[in-house]
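A short write-up of the structure that comes next.
Residue numbers (my numbering): 655 to 991.
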């Protein structure tokens, strides 16, 4: 089974998919509380930057993917269109409107923690690009979400272990990249302490509930990936050995079987294509944390490729998957993302 790599041709394909929907306002599924008649506004009025891609969080991580592809292939056929989009959207007035939306009391839990993590991931990626203006423009919005993590995590006694947007391990994992990019040692410490509080004692994970019918994340594997990202190279291996002690026997078996998707026009069932891609990402990243001679390493890499092969053919074709799946394909193909 050959390893998939992100060629420039594939990168341009992904970019064109995202460029086709980040500016598409409808159909749209807002996550919006109406406190009064004055709050009945269009997606573009509510979110002048992230109004497309069916929902706010998908628009955010599609922008992240475009930024990542621009950094990886700055002279590609799609590069000028990405730069033009960023120039038009990452401007003070529009970012201020996104910030103002979050100031409403009804927006306290808006996109927690999935959208929080993705917005910080986007800000971290923009910090790696040459254009200083884009990172400076988005900085106030990123600062709000970083503060939301600081405020919320001490209050969150329990983690959320589902395979959907509410999974807390995913939020910590993505926020960690922002904390590192901004050299925010205090935020990094808070993320690490929270991960240990929530997950540090976990062991012999059965993964018996996976997959659920609308999962797009593996609650077991994203927890492991969260801990890989936040723990030191010394502390992660013993935790990982306790958490999934039977990987050499390909157990839990459910984690090694790609999910079956029966109807890609159903947004919830289409989530399972995302599960295959996000599992591929986690398997590949976890394999990279193992030493070269570890017998588990080829097993994990094989599982990653099998899941990627199951998900990659379906990133376009129906809008229920097309508006978001390419981002997870990039994560799955290149763990450096």
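All C-beta atoms in this analysis are idealised placements derived from N, C-alpha and C, irrespective of residue type, glycine included.
Checklist entry - Under the three-state reduction of DSSP, which class applies to residue 806: helix, strand or coil? => result helix
Next on the checklist: If contacts are defined as beta-carbon pairs under 8 Å, then residue 841 and residue 803 qualify, I think. What distance do you get, rounded to the angstrom?
Outcome noted: 7 Å
Next on the checklist: Check for me: the alpha helix (DSSP H) holding residue 666 runs from which residue to which?
Outcome noted: 662-673
Item to check | Pick from 902, 817 and 882 that is closest to residue 894, judged by C-alpha positions | outcome: 882
Item to check | Exposed unless 16 or more other CB atoms sit within 10 angstroms - verdict on residue 947 | outcome: exposed
Checklist entry - Can you name the start and end residues of the alpha helix (DSSP H) that residue 824 belongs to? => result 822-835
Item to check | Euclidean distance between Cα positions of residue 933 and residue 872 | outcome: 6 Å
Checklist entry - In angstroms, rounded to a whole number, what distance separates the CA positions of residue 978 and residue 698? => result 19 Å
Checklist entry - Residues in its own chain within less than 7 Å of residue 745 by CB, not counting five upstream and five downstream? => result 791
Checklist entry - Assuming residue 973 contacts residue 680 under a Cβ cut-off of 8 Å, what Cβ separation, rounded to an integer in Å, is found between them? => result Not quite, the Cβ-Cβ distance comes to about 11 Å (not below 8 Å), so this is no contact.
Checklist entry - How would you call residue 687, buried or exposed, if buried means at least 16 neighbouring beta carbons within 10 angstroms? => result exposed
Item to check | residue 822 burial status per 10 Å Cβ neighbour count (16 or more: buried) | outcome: buried
Item to check | Residue from 869, 892 and 794 with nearest C-alpha to residue 854 | outcome: 892
Next on the checklist: Considering only the alpha carbon of each residue, which of 805, 678, 656 and 924 lies closest to residue 969?
Outcome noted: 924
Checklist entry - With distances taken from CA atoms, which of 975, 809 and 858 is nearest residue 931? => result 975
Checklist entry - Which residue from 683, 692, 900 and 767 puts its Cα closest to that of residue 818? => result 767
Checklist entry - Taking the C-alpha atoms as reference points, what is the distance between residue 773 and residue 950? => result 34 Å
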